[in-house]
Amino acid sequence: MADVAGDTLIIEGQAGRRVINGSIRVNGSKNDAVQAIAAAFLFKNGLTLANLPQIDDVQKMLWLAKDLGAEVKISGRTAFIRPPRMSRATLDTEIAEKIRASILLTGPLLARYGSVTFPHPGGCVIGERPIDFFLAGFRQMGASVRHRRGSYEVNAPGRGLRGAAIFFKNQSVTATETFLMAAVLARGLTVLRNCALEPEIENLGRFLRHAGAKISGLGTPTIIVNGRGLLVVHRPYQVLPDRIEAGSFAILGALLAKRLEITGCEPSHLQALLNLLEEIGLRIKTGKNKITVLATGRKLKPVNLKTHEYPGFPTDLQAPLAVLLTQAAGASVILETIFESRLNYAKTLISMGAKIEILNPHRLAIVGPTTLTGRKVTSPDLRAGLAYLVAGLVAKGRTVVHNVHYIDRGYERIDERLRALGLALKRF
Ligand code: EPZ
Numbered sequence: 028m029a030d031v032a033g034d035t036l037i038i039e040g041q042a043g044r045r046v047i048n049g050s051i052r053v054n055g056s057k058n059d060a061v062q063a064i065a066a067a068f069l070f071k072n073g074l075t076l077a078n079l080p081q082i083d084d085v086q087k088m089l090w091l092a093k094d095l096g097a098e099v100k101i102s103g104r105t106a107f108i109r110p111p112r113m114s115r116a117t118l119d120t121e122i123a124e125k126i127r128a129s130i131l132l133t134g135p136l137l138a139r140y141g142s143v144t145f146p147h148p149g150g151c152v153i154g155e156r157p158i159d160f161f162l163a164g165f166r167q168m169g170a171s172v173r174h175r176r177g178s179y180e181v182n183a184p185g186r187g188l189r190g191a192a193i194f195f196k197n198q199s200v201t202a203t204e205t206f207l208m209a210a211v212l213a214r215g216l217t218v219l220r221n222c223a224l225e226p227e228i229e230n231l232g233r234f235l236r237h238a239g240a241k242i243s244g245l246g247t248p249t250i251i252v253n254g255r256g257l258l259v260v261h262r263p264y265q266v267l268p269d270r271i272e273a274g275s276f277a278i279l280g281a282l283l284a285k286r287l288e289i290t291g292c293e294p295s296h297l298q299a300l301l302n303l304l305e306e307i308g309l310r311i312k313t314g315k316n317k318i319t320v321l322a323t324g325r326k327l328k329p330v331n332l333k334t335h336e337y338p339g340f341p342t343d344l345q346a347p348l349a350v351l352l353t354q355a356a357g358a359s360v361i362l363e364t365i366f367e368s369r370l371n372y373a374k375t376l377i378s379m380g381a382k383i384e385i386l387n388p389h390r391l392a393i394v395g396p397t398t399l400t401g402r403k404v405t406s407p408d409l410r411a412g413l414a415y416l417v418a419g420l421v422a423k424g425r426t427v428v429h430n431v432h433y434i435d436r437g438y439e440r441i442d443e444r445l446r447a448l449g450l451a452l453k454r455f
């Protein structure tokens, strides 16, 4: 496929030399920003969002809001969204099927307007990405669900959604967020059980409560909402720092820095990663909104890693961490428990010289240290793409990464920000 301008990175590898000695600032969280854009539809007169990252998935969500008829005013990292008056909401298929986050709009739209039509959401190809929890939950809240011509048509009864007792078969981030939002406008009590515990969910829930929603149980697996109708708020929603971006930079620092300071982050959201980096042999210092990664001169130690729902080790950092483990002296094992196709990056790392054995779709073994050699690679998804970028920076020789648009989905101006750390990479 002909390269789109700006969709290729050429990286001059550092052959493992610790060339970084600097600081990098973290942007707003992709996964907090996209749910906050959906939450704007719960507010009578709209919502202002602050600290939005300027990344592709956020642009797409703002575009979907505008396409629904909302007034959307963007100024830098701030956006104001005023929902429209309408009787039914239809998500633009072209855009909604490209991002998983579009599913977050369905709860607020159904709860506010009584009817929503949407395609199966897209997103990174890291597994099936089913939406059975959403369709079952809407039915439990009294809605009818039809699948017609590739779209789902969901309609609430005349009096709107009713509160329900919903038990999620496993912890789902976007399902928890979607039903937390829908419940705010539903009639009566909703009890959500086996909720995900991500900090973004607590950030949203606290903000909704500040705006008048009756919510208890935030930060626990059971969230109770007493639906009270449209909300009114007079302060902006402050998007959290992106913990996955911060973690990705910490892993880069672990590989290539004498000292890397990561500012504007929330260290308490990254306990699982920071503990692991110390186990591997890095020195980690944390301060207010700051993480410092320091080389110790000791060999990197292998570890066994199991991804887990928050606060466990995040699946979104699994691929970048695998790159670090190719440089550890000994055998490591990674067990990916959340998604069924999130080890696909291993083949590319093997082609760069990594010693990796894929034991099954959920488990792989890595023996290091090995010298990685640069080559042409193609990003299959957002986090694997970041892992290839990191691998190219560690490798000897030149790496060309195609499909950089996947990396742009979650990391703002990644090449400029890494060049500012003294790394040699150019976008073409
Ligand atoms: C969210 O995806 C994040 N995306 C993902 O980040 C993250 O990797 C994931 O949570 C897990 O932490 C956003 O927040 C936009 P899930 P989500 O529902 O909500 C199964 C990134 O790179 N499931 O928590 O789609 C599902 O298959 C992205 O930033 C059902 O079975 O993930 C998975 O096995 C990638 N039925 C498990 O639950 C459903 O209806 C957890 O998935 C929904 C989910």
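Going by this note's numbering, the letters in the sequence shown line up with residues 28 to 455, in that order. Cβ atoms here follow ideal geometry from the backbone N, Cα and C, with glycine treated the same way.
With a cut-off of 7 Å, the C-beta of C292 is classified as distant from ligand 1, since no heavy atom of the ligand falls inside that distance. The continuous beta strand (DSSP E) containing N182 extends over residues 178-182. When rounded, the separation of the alpha-carbon atoms in G73 and K333 is 41 Å. Within the same chain, V143, F145 come within 6 Å of T133 by CB-CB distance, once the 5 residues on both sides are set aside. Set against 7 Å, the gap from the CB of I64 to the closest heavy atom of ligand 1 is not smaller.
Judged by DSSP in its simplified three-state form, L76 adopts strand.
The beta carbons of T426 and G395 sit no closer together than 8 Å.
DSSP places R446 inside the alpha helix (DSSP H), whose first and last residues are 441-446. With contacts defined by Cβ atoms closer than 8 Å, G308 and P329 do not form a contacting pair. Closest in C-alpha terms to T201, from the list D59, A418, K100, A170, comes D59. Contact annotation: the segment 341-348 does not touch the segment 309-321, with fewer than three C-beta pairs closer than 8 Å.
Where P135 is concerned, the enclosing alpha helix (DSSP H) starts and stops at 133-140. Under the 8 Å Cβ criterion, the segment 116-123 does not count as touching the segment 44-53, having fewer than three qualifying pairs.
Under the three-state reduction of DSSP, P268 is assigned to strand.
CA-CA distance, L452 to G169, rounds to 53 Å. A distance below 6 Å between beta-carbons, with the five flanking residues on each side excluded, links S275 to the following residues of its chain, in chain order: P347, L413. Rounded to whole angstroms, the separation of the alpha carbons of L279 and R446 is 13 Å.
If you draw a straight line from the Cα of G239 to the Cα of Y415, it is about 45 Å long.
Non-local beta-carbon contacts of L224 in its own chain, meaning distances under 8 Å to residues more than five positions away in sequence, involve Q198, G246, T247, P248, E336, Y337, P338 in chain order.
Annotation for R233: no beta strand (DSSP E) segment contains it, though the alpha helix (DSSP H) segment containing it runs 226-237.
The beta carbon of N371 sits no closer than 7 Å to any heavy atom of ligand 1. Distances between the C-beta of G190 and the heavy atoms of ligand 1 are all 7 Å or more. Contact between the segment 73-84 and the segment 102-115 is present: three or more C-beta pairs spanning the two stretches fall below 8 Å. Separation of E439 and G291 (C-alpha to C-alpha, rounded to the nearest whole angstrom) is 15 Å.
A straight line joining the alpha-carbon of V181 with that of R410 spans about 32 Å.
Here K285 really is in contact with R45; their C-beta atoms are around 5 Å apart, less than 8 Å. Taking the Cβ of V200 as the reference point, at least one heavy atom of ligand 1 falls within a distance shorter than 7 Å. By the neighbour-count definition (other C-beta atoms within 10 Å, threshold 16), H296 is a buried residue. A67 is the residue among A67, N48, D34 whose C-alpha sits nearest the C-alpha of V266.
When the beta-carbon positions are compared, L131 and A191 stay at least 8 Å from each other. Straight-line spacing of the CA atoms in E272 and R436 works out to 12 Å. Closest by C-alpha distance to G154, out of I365, T405, L391, E384, is I365.
Scanning E39, V31, L216, A32 for the CA closest to the CA of R402 turns up E39. Between the alpha carbons of L420 and Q86 lies a gap of roughly 28 Å.
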